[in-house]
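All remarks here apply to the structure that follows.
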Amino acid sequence: MPKQIKMIAACGAGVNSSHQIKDAVEAEMKKRGHNVSVDAYMVKDVNEELLNKYDGYLTIAKTDLSFTPKVPVIDAGAILYRIPAMATPVYDTVEKIVKGLE
Amino acid sequence: MQAIIDIANTIFGPLIKLGAAPIMLIVLTVIALIFRVKFTRALEGGLKLAIAITAIGNVMGMLTNAFQPAMKQFVVNTGIHLDYQDMGWAPLATITWGSPYTLFFLLILVIVNIIMLVLNKTNTLDVDIFDIWHSAFVALFAQWCGAPLWLATLLVVFIGVLKIINSDLMKPTFNELLDVPDSNPMTSTHMNYMMNPWIMIFDKIFDKFFHGLDKYDFDSAKLNEKIGFWGSRFAIGIYLGVFISLLSGTNFLTIDGWISMFTLSFIAATCMELFSVIGSWFIAAVEPLSQGIADYATKKFNGRTFNIGLDWPFIAGRSEVWAAANVLAPIMLLEAMVLPGNRLLPLGGIVAMGVTPALLIVTRGKIIRMIIIGALELPLFLWAGTLTAPFVTEMARKVGAVGIPKNAMISHTTMEGPVEKFIGYAVGHAWSDKGIWIVYAVGAVAIYLLVFMWYAKQMKKRNVELAAAKEN
Chain A
103 MPKQIKMIAA CGAGVNSSHQ IKDAVEAEMK KRGHNVSVDA YMVKDVNEEL
153 LNKYDGYLTI AKTDLSFTPK VPVIDAGAIL YRIPAMATPV YDTVEKIVKG
203 LE
Chain B
4 MQAIIDIANT IFGPLIKLGA APIMLIVLTV IALIFRVKFT RALEGGLKLA
54 IAITAIGNVM GMLTNAFQPA MKQFVVNTGI HLDYQDMGWA PLATITWGSP
104 YTLFFLLILV IVNIIMLVLN KTNTLDVDIF DIWHSAFVAL FAQWCGAPLW
154 LATLLVVFIG VLKIINSDLM KPTFNELLDV PDSNPMTSTH MNYMMNPWIM
204 IFDKIFDKFF HGLDKYDFDS AKLNEKIGFW GSRFAIGIYL GVFISLLSGT
254 NFLTIDGWIS MFTLSFIAAT CMELFSVIGS WFIAAVEPLS QGIADYATKK
304 FNGRTFNIGL DWPFIAGRSE VWAAANVLAP IMLLEAMVLP GNRLLPLGGI
354 VAMGVTPALL IVTRGKIIRM IIIGALELPL FLWAGTLTAP FVTEMARKVG
404 AVGIPKNAMI SHTTMEGPVE KFIGYAVGHA WSDKGIWIVY AVGAVAIYLL
454 VFMWYAKQMK KRNVELAAAK EN
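As given, the protein sequences belong to chains A and B, one line each in that order.
In case it helps, our numbering puts the first sequence at residues 103 to 204.
In case it helps, our numbering puts the second sequence at residues 4 to 475.
As structure tokens, then:
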């Protein structure tokens, strides 16, 4: 089993869009032979301390932060379009980061 | 005709007697199969929905039972009639998704969307299937108030068409707020944005008379960071437990008084967290069907590029949404206590996520305007929540929240679409009571449409300006 990589996905209530991103990224990375686990949060609960415990931040679109994140921020909004071809570039970016960490 | 009804009754009678959770297990699974979702995925969705309905029923019972005696005492002690409990969005979503009619309204709205795409009346393909429940809620409420199914359906189609038009009108503003190119397809048909026309009236007044206040806009991200944990779900549960204990005259000189305060606070906090967890099961439950519908629609329109209608939070990265919600929470609590006609004590819906996204879109992120206009429109939400409470409570009991105490009422303080609920109410009563209600209903629908048309004109003007600014 490859090393587990942990990421955050965030949306409004931490239940809808973020869970769609979580499920999609986890499933696709598993398919590609990686071990990625994603936790879903409310955008407002993502702070510097929390983010430091993770390897990446999957956002839906531009996200205001009061600090400069030390981990990569990945625009994962395209996953929500439900059109597989549009989500592929997001998965590729995530995979590149995951490979770098493994 | 009677024969058909008899056959239907023999087939569906036992099914209906099964209760909401088993019915929805069967109905959701079958509908997902119709959209060619794999059997295991379809069944998974159906089971998750049944479990979510069961779970939320029980948590509602736990919360209402714990709070009911204290809230009665609160009313006796303060003389303020705040005896309806605010559950937040998740229980209301359950109640709505617990009705098979919701899937009927979903199918109708998918057909409306496809027709509008074919006729080139919109460029938005709505894939936010879960949030159909906002529209379905209005229709179910209208039915509860007396409207027949066809009239409730007509109302849903009317609001649905405007929602889709609105998603096109807002698209350039989304691009501006997210700083993305025109090729980005994100937009939203979310019900909360149907407050835009009304907010725009206030915004125009601001433009004319109070634009000087804009210079006091502050850094929202910094404010949110400072509030941090203090604005979290369970912290809010704790505050409310303490608040009700104080105002219900709990005797803090006794150990029992302290025990009762801690119990209330911890139960409220637990329920707030559980609602959110169970809420995610719901969305997971509808997920296979959502993908099935999206696959079907994209296949039908092979090659055409759309804007894609999503749930509202793709703009949740804008910190103003949260700063405004944070500041509005205590304001709402105060308003709730003095607002005539309101009976809801804010709890589950106190972080006004159903209110602030629309404020962001219309004011384009002017935080002072968002807060002031938000404070001015909140009474509409409280009144709509109070108005729908008997309906919500009855439906909750029907889907299995049998634990709700006899005299308790539940609802939601900041549910999207307050104006639509008033219209649903008027339309329902127009059918059942006739007379002056017909005038009210027709008048309400006419005003609603006129204000929307005015708003559409303003948004088109804005969109021309945004396009011109981009070219320069």
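Cβ atoms here follow ideal geometry from the backbone N, Cα and C, with glycine treated the same way.
These figures come from a predicted structure and were not determined experimentally.
- In this structure Leu165(B) does not touch Phe425(B) by the C-beta definition: roughly 15 Å separates them, more than the 8 Å allowed.
- Per DSSP, reduced to three states, the secondary structure at Lys218(B) is helical.
- Contiguous alpha helix (DSSP H) elements confined to the segment 108-144 of chain A occur at 119-133, taking only those with 4 or more residues.
- Nearest neighbour of Thr176(B) by Cα position, chosen from Trp325(B), Leu362(B), Tyr451(B), Leu95(B), turns out to be Leu362(B).
- For the segment 168-186 of chain B, the beta-carbon criterion of a distance under 9 Å to any beta-carbon of chain A is satisfied by Phe177, Leu180, Leu181, Asp182, Val183.
- For Gln88(B), not one C-beta of chain A is nearer than 8 Å to its own C-beta.
- In terms of beta-carbon proximity, Thr190(A) stays away from the interface with chain B, with every pair separated by 8 Å or more.
- At a beta-carbon threshold of 7 Å, the residues of chain B lying near Lys164(A) are Leu181, Asp182, Gly320, ordered along the chain.
- Boundaries of the beta strand (DSSP E) harbouring Asp89(B): 87-89, taken from the DSSP string.
- By the rule that beta-carbons nearer than 8 Å mark a contact, Ile185(A) touches chain B.
- Of all residues in the segment 138-169 of chain A, only Ala142, Met144, Val145, Lys146, Asp147, Asn149, Glu150, Thr161, Ile162, Ala163, Lys164, Thr165, Asp166, Leu167, Ser168, Phe169 come within less than 9 Å of chain B when Cβ atoms are compared, listed by chain position.
- In this chain, the alpha helix (DSSP H) harbouring Val196(A) covers 186-203.
- When Cβ pairs closer than 8 Å are counted between the two stretches, the segment 189-202 of chain A is seen not to touch the segment 66-75 of chain B, the count staying below three.
- Within the segment 5-64 of chain B, not a single complete beta strand (DSSP E) segment reaches 3 residues in length.
- Per DSSP, the beta bridge partners of Asn310(B) are Thr127(B).
- For the segment 249-303 of chain B, the full-length alpha helix (DSSP H) segments reaching 4 residues or more read 258-303 along the chain.
- Just measuring C-alpha positions, the residue of Phe161(B), Ser102(B), Ile118(B) sitting nearest Phe140(B) is Ser102(B).
- Counting only unbroken stretches of 3 or more residues, no beta strand (DSSP E) element lies wholly within the segment 169-220 of chain B.
- Not one beta carbon of chain A lies nearer than 8 Å to the beta carbon of Ser435(B).
- Taking a contact to require three or more Cβ pairs closer than 8 Å, the segment 464-473 of chain B and the segment 210-230 of chain B do not qualify as touching.
- Counted as a single uninterrupted DSSP element, the beta strand (DSSP E) harbouring Ser414(B) occupies residues 412-414.
- The beta carbon of Leu106(B) sits closer than 8 Å to those of Val30, Leu31, Ile34, all from its chain and outside the five residues before and after it, given in chain order.
- Leu203(A) has a beta carbon lying at 8 Å or more from every beta carbon in chain B.
- In the DSSP assignment, Ile371(B) falls outside any beta strand (DSSP E) and within the unbroken alpha helix (DSSP H) covering 370-401.
- In terms of Cα proximity to Ala328(B), the closest of Asn80(B), Val354(B), Ile247(B) is Val354(B).
- Looking at the DSSP output, Gly158(A) shares a beta bridge with Met109(A).
- The C-beta of Ala297(B) comes closer than 8 Å to at least one C-beta of chain A.
- An exposed status is given to Ile114(B), since fewer than 16 other beta-carbon atoms sit within 10 Å of its beta-carbon.
- With respect to chain B, the C-beta atom of Ala115(A) has a partner C-beta closer than 8 Å.
- Collapsing the DSSP output to three states places Val175(A) in a strand.
- Contacts between Ala287(B) and chain A, judged by CB atoms closer than 8 Å, involve His121, Asp125 in chain order.
- Contact check for Asn149(A) and Lys172(A): beta-carbon distance about 13 Å, past the 8 Å limit, so the pair fails to qualify.
- Chain order gives the chain B residues near Gly179(A) as Met189, Phe317, where near means a beta carbon separation below 7 Å.
- Contact check between the segment 307-315 of chain B and the segment 190-208 of chain B: three or more CB pairs, one atom from each, fall below 8 Å, which counts as touching.
- When rounded, the separation of the alpha-carbon atoms in Ser322(B) and Tyr143(A) is 15 Å.
- Rounded to the nearest whole angstrom, the CA to CA distance from Gly282(B) to Val117(A) is 7 Å.
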